[in-house]
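These notes are about the structure you will find just below.
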Amino acid sequence: MGRRWRDGRGELVVHGGDGGPSVRVPLEIATSYRARTRGLLGRGRIDGAILLSPASSVHTFRMRMPIDVAYLDRGLRVIDVCTMRPGRLGMPRPRARHVVEAEAGAMGKWGVREGARMEVVVEGEEG
Numbered sequence: 001m002g003r004r005w006r007d008g009r010g011e012l013v014v015h016g017g018d019g020g021p022s023v024r025v026p027l028e029i030a031t032s033y034r035a036r037t038r039g040l041l042g043r044g045r046i047d048g049a050i051l052l053s054p055a056s057s058v059h060t061f062r063m064r065m066p067i068d069v070a071y072l073d074r075g076l077r078v079i080d081v082c083t084m085r086p087g088r089l090g091m092p093r094p095r096a097r098h099v100v101e102a103e104a105g106a107m108g109k110w111g112v113r114e115g116a117r118m119e120v121v122v123e124g125e126e127g
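Letter 89 of the sequence shown, counting from 1, is numbered 89 in our numbering, and no numbers are missing.
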């Protein structure tokens, strides 16, 4: 699973636990230093989520909205989920290799929780 993505768009697939349905969410992919550094800064909202990779911590300085943050291991399994208000510095998660950010409350609706498995489908690729 040592996949390397490029900046762009795709879909985040949150696999439902307990046999539940998978949820597909529009995804921005930020892998370059510039795109990861910008992230959600200065935005008032986001449609879907943004993947920061590689990343093991985030901050919300200069953000306009609270966000949900999911920390993923190298296999895209969620190791922690939290909500951060603007102006905060998140604690690094040593096992995290990727971070997904979304508007506060979104991840709960999508079924994102510790142990959940995610998949990244890059625009133009299936499977």
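Even glycine gets a Cβ: it sits at the ideal position worked out from N, Cα and C.
**Asked** Under 9 Å between the Cβ atoms of Val100 and Leu51?
**Response** yes
**Request:** Kindly identify the DSSP beta-bridge partner or partners of Arg117.
**Result:** His15 and Arg77
**Prompt:** In whole angstroms, what is the alpha-carbon distance linking Ala35 and Arg88?
**Reply:** 20 Å
**Item:** CA-to-CA distance, Leu72 to Gly108, given in whole angstroms
**Value:** 16 Å
**Request:** Return the first residue and the last residue of the alpha helix (DSSP H) that Arg34 is part of.
**Result:** Tyr33 to Arg38
**Segments of 3+ residues assigned as beta strand (DSSP E) that fall wholly inside the segment 57-105** = 67-72, 78-84 and 98-103
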